[in-house]
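In this text, residue positions in the sequence shown follow this note's numbering: the first is 1, and each later residue adds one. Working notes for the structure below.
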Amino acid sequence: MRKKLKVLLYGDVDLNIMDGSAVWLTSMANVLNYDKNIVVDVLLKARIKNRNLLSEIENLSQVNTIDTFNLFNKKFENGNRLNIFEAVKLMEELNEVNQYDCIIVRGYKLAIELMKSPLSSKIVPYFTEFTHNPDEITSEEKQVLQKIYSTFPKVFVQTNETKNLLNSILSVKGEKFCLLTPMIPDYGETPDFVNRNNSLVYTGKFAKGWYTEEILDAFKSVYEEDHSLVLNIAGDKFQGELIPEKDRIINRFNTESNVNWLGAIPRSESIKLVEESDVGVGWRSELIDNDTSVELSTKILEYGRQGKPVLLRRTKMYEDLLGKDYFLFVDNEEEFVRKTLEVMYNRNLYKKTAQTIYNACRYYTFKESYKRLKDMLWSFNNQKTKLLFAGHDLKFIDMALQYFKQNSKFEVKVDQWQGHNNHDEVYSKECLEWADVIFCEWGLGNAVWYSKHKSIDQKLIVRMHLQERVTEFPSQFHIENIDQIIAISPYIFEEFHRVNHIPRNKMTMIYNMVDTMKFDKPKLNKEEIQFNLGICGILPSRKRLDRALNIFEGLWNKDKRYKLFVKSRMPQELSWLMNRPQEKQYYDEVFDRIKKAPWGKNVVFDQHGNDMDKWFQKIGYVLSTSEYESFHLAPMEGMAAGSTPLLLHWPGAETIYPKEYLFNDEEEVITYVCNRKNYKQKIASKLKKYSQSEFDKSVIIKKIEEVILL
Numbered sequence: 001m002r003k004k005l006k007v008l009l010y011g012d013v014d015l016n017i018m019d020g021s022a023v024w025l026t027s028m029a030n031v032l033n034y035d036k037n038i039v040v041d042v043l044l045k046a047r048i049k050n051r052n053l054l055s056e057i058e059n060l061s062q063v064n065t066i067d068t069f070n071l072f073n074k075k076f077e078n079g080n081r082l083n084i085f086e087a088v089k090l091m092e093e094l095n096e097v098n099q100y101d102c103i104i105v106r107g108y109k110l111a112i113e114l115m116k117s118p119l120s121s122k123i124v125p126y127f128t129e130f131t132h133n134p135d136e137i138t139s140e141e142k143q144v145l146q147k148i149y150s151t152f153p154k155v156f157v158q159t160n161e162t163k164n165l166l167n168s169i170l171s172v173k174g175e176k177f178c179l180l181t182p183m184i185p186d187y188g189e190t191p192d193f194v195n196r197n198n199s200l201v202y203t204g205k206f207a208k209g210w211y212t213e214e215i216l217d218a219f220k221s222v223y224e225e226d227h228s229l230v231l232n233i234a235g236d237k238f239q240g241e242l243i244p245e246k247d248r249i250i251n252r253f254n255t256e257s258n259v260n261w262l263g264a265i266p267r268s269e270s271i272k273l274v275e276e277s278d279v280g281v282g283w284r285s286e287l288i289d290n291d292t293s294v295e296l297s298t299k300i301l302e303y304g305r306q307g308k309p310v311l312l313r314r315t316k317m318y319e320d321l322l323g324k325d326y327f328l329f330v331d332n333e334e335e336f337v338r339k340t341l342e343v344m345y346n347r348n349l350y351k352k353t354a355q356t357i358y359n360a361c362r363y364y365t366f367k368e369s370y371k372r373l374k375d376m377l378w379s380f381n382n383q384k385t386k387l388l389f390a391g392h393d394l395k396f397i398d399m400a401l402q403y404f405k406q407n408s409k410f411e412v413k414v415d416q417w418q419g420h421n422n423h424d425e426v427y428s429k430e431c432l433e434w435a436d437v438i439f440c441e442w443g444l445g446n447a448v449w450y451s452k453h454k455s456i457d458q459k460l461i462v463r464m465h466l467q468e469r470v471t472e473f474p475s476q477f478h479i480e481n482i483d484q485i486i487a488i489s490p491y492i493f494e495e496f497h498r499v500n501h502i503p504r505n506k507m508t509m510i511y512n513m514v515d516t517m518k519f520d521k522p523k524l525n526k527e528e529i530q531f532n533l534g535i536c537g538i539l540p541s542r543k544r545l546d547r548a549l550n551i552f553e554g555l556w557n558k559d560k561r562y563k564l565f566v567k568s569r570m571p572q573e574l575s576w577l578m579n580r581p582q583e584k585q586y587y588d589e590v591f592d593r594i595k596k597a598p599w600g601k602n603v604v605f606d607q608h609g610n611d612m613d614k615w616f617q618k619i620g621y622v623l624s625t626s627e628y629e630s631f632h633l634a635p636m637e638g639m640a641a642g643s644t645p646l647l648l649h650w651p652g653a654e655t656i657y658p659k660e661y662l663f664n665d666e667e668e669v670i671t672y673v674c675n676r677k678n679y680k681q682k683i684a685s686k687l688k689k690y691s692q693s694e695f696d697k698s699v700i701i702k703k704i705e706e707v708i709l710l
């Protein structure tokens, strides 16, 4: 995709020291790297002394690390770290060269200095260093926060609680606040939620409010109860009141029984340590964690991501996250000891507690974080996305095509192919040269051609239905050049993997779409409608009009009021169909049957056209009698109109339609209809609601747009 978002990322943090603010910077880079259309420069504050944290971003494909002290031939006041004024000046110089769309920064004092900079219109600051108690905040600090809010286009906040607090302090509605939660790596393989090593783990800094010594004291009591338990500790950063106590506390780490202190270790090893431990320790003082707290501990999320139950203080925020009945809320040493032993010994309790926090933490992954930030980030780039639709038959994607044509974020062109493999190659090349994103409707010759010729900075999406499965085209795809393949049902998804060996990680499932509002019209005659069956589309013979006639005939024999309405092109209109002897014979026999039958006059042929919404106003039941389908839109359109779908079960129908409308044979359909007395508005409303929630064009187009922009 040629449209790029250029981002400069700078934190007033030292990546040589492993703490929450440094982890934030590497996590932010990972989140931005999730979109290959974002190009990120990370400006380093400090001279590189170790790569424990830096290694987490050095190999990211979209991220460029700017080694400040090696790259710039100038003197800085401190030979190891930029001060705030130097950082601002350097950001301004970099912007002159690179013309960033957006600049993301961390640090309260840094944000204050940047308010004076010409860069302010493209800066989004993040900071946590302000007074969180509204009763203690000074008028001077409040004025600074108000100026920050008014100066920058957006301001990151860590939690909704932070947003609500600032809204109250500043007397604003908070439209500029953007949620930037703590961020954790995406989930891998689901853990087994089993206690294997009887070990607790703490990784992070050591500070008074972080209960460093209280945790040691509590574990000492745990150890007295069970000598098999171990406390693993990683980290070497001491803060505040514990700085002068560093040597004494390290001595405790090194001498107390079953305490395993590893010191400072690379983040990858820290993650491995958590993985090999069993219970995380996130217990902090009431000054840090209380019901007015507005910050969420990243450490707790890192433990939870790996399926480890976590000991932590009960607060309103954590009750909202984990539920009031979360077992490992601990408010004192006695609870710490008792609950640690109980969760270690009770296999079911351990599993339940671990699963609770594991599921809750998924919201904070890099992937989910990027989804929340995407619209805000791209609002800094006003360039339209050049979107090309290519294919021979665009009727199933037309609603999306019209949406994108009317969307101010996009510029749209269409490369209309004349057949599966027939096109104006000169025009296709012109379109290819122009496009940012190529959307191939059907995976036929169009997908082969574009996957062969697209450039590396263009995005190619292919939407596949069913007929491609039996063609030679999927085997000709340059699959490495296709970014995403959309399958229109779960069954189709699996079929393309099974038959055509398309990798699952290349595919996503998005249903076909229906304009449900268009079909939501009142029925015309509720007395007659219960006797009106409809079938839409009877060509070719695999649509099995004969089966529909069998069902209709069975019902007509029970009640002469039944009618079958057929809305379709007629076989005589398609010369290619009539040139196939088997097809011609099939339709000759079917129409001869109708002509001779006593119920023939009750089979009504309606002209093919775009008035399906009006046609469904008289249809009580819509039939799907095909041998196979990829999706079959007509029954879904019928549901949107409040008509009951009746499907003779074709492979994959169960992945789209509710099972109560799937039948194994014609007799089951007849029995079902006979047992249904009168038209019921309640059932019609249920049908409409299902189609609206699952298949409405607004729902489906949103998903397609996400694939296009991601």
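No residue lacks a Cβ here, since even glycine has one placed at the ideal position from N, Cα and C.
- Annotation for L533: the continuous beta strand (DSSP E) segment containing it runs N532 to C536.
- By the Cβ test, the region 614-633 is in contact with the region 528-542, since at least three Cβ pairs between them sit closer than 8 Å.
- Annotated three-state conformation of G652 is coil, per DSSP.
- The beta-carbon distance between F193 and G307, rounded to whole angstroms, is 5 Å. This is short enough to meet the 8 Å contact definition.
- Pairing E694 with Y403 gives a Cβ-Cβ distance that is not under 8 Å.
- Secondary structure of W615 (DSSP, three-state): helix.
- With respect to H478, K452 sits close: the two C-beta atoms are nearer than 8 Å.
- DSSP places N664 in the coil class of the three-state scheme, outside both helix and strand.
- Taking the CA atoms as reference points, I271 sits about 29 Å from N37.
- Bridge partners of G391 according to DSSP: Q416.
- Looking at the DSSP output, Q484 bridges to I461.
- Collapsing the DSSP output to three states places W556 in a helix.
- Taking C-beta separations shorter than 7 Å and ignoring five residues to either side along the sequence, the partners of K147 in its chain run M115, following chain order.
- Secondary structure remark: continuous beta strand (DSSP E) runs of at least 3 residues inside the region 107-139, in chain order: 123-126.
- Between R106 and I184, the C-beta spacing is not below 8 Å.
- In the DSSP assignment, A234 falls within the beta strand (DSSP E) that extends over V230 to A234.
- Secondary structure remark: continuous beta strand (DSSP E) runs of at least 3 residues inside the region 62-91, in chain order: 63-66.
- A390 and K237 have their C-alpha atoms spaced approximately 57 Å apart.
- Exposed is the label assigned to H227, since fewer than 16 other Cβ atoms lie within 10 Å of its Cβ.
- For V437, DSSP records a beta bridge to L387 and K459.
- Within 10 angstroms of the beta-carbon of V88 lie 16 or more other beta-carbons, which makes it buried.
- The three-state reading of DSSP puts A597 in coil, since its state is none of H, G, I, E or B.
- In this structure, DSSP gives K405 a helical state, which the three-state scheme calls helix.
- Going by DSSP, F219 is part of the alpha helix (DSSP H) stretching over T212 to E225.
- At the C-beta level, T181 and Y370 stay beyond 8 Å of one another.
- Membership of I38 in the beta strand (DSSP E) is indicated by the continuous run I38 to L43.
- DSSP places V699 in the helix class (H, G or I) of the three-state scheme.
- For S475, the uninterrupted alpha helix (DSSP H) run begins and ends at F473 to Q476, by DSSP.
- Sixteen is the threshold: since fewer than 16 other Cβ atoms of the shown chains lie within 10 Å of the Cβ of V97, the residue is exposed.
- The residue among G263, P651 and S121 with its C-alpha nearest the C-alpha of F493 is P651.
- Residue range S575 to M578 is occupied by the alpha helix (DSSP H) that includes M578.
- Straight across, the Cα-Cα distance linking F439 with V155 is about 35 Å.
- No Cβ-Cβ contact shorter than 8 Å links M578 with Q585.
- Assigned with DSSP and collapsed to three states, F253 falls in helix.
- Within the model, the alpha-carbon separation for I704 versus P474 is close to 21 Å.
- For T655, the CB contacts under 8 Å within the same chain, skipping 5 residues up- and downstream, are S489, P490 and Y491 in chain order.
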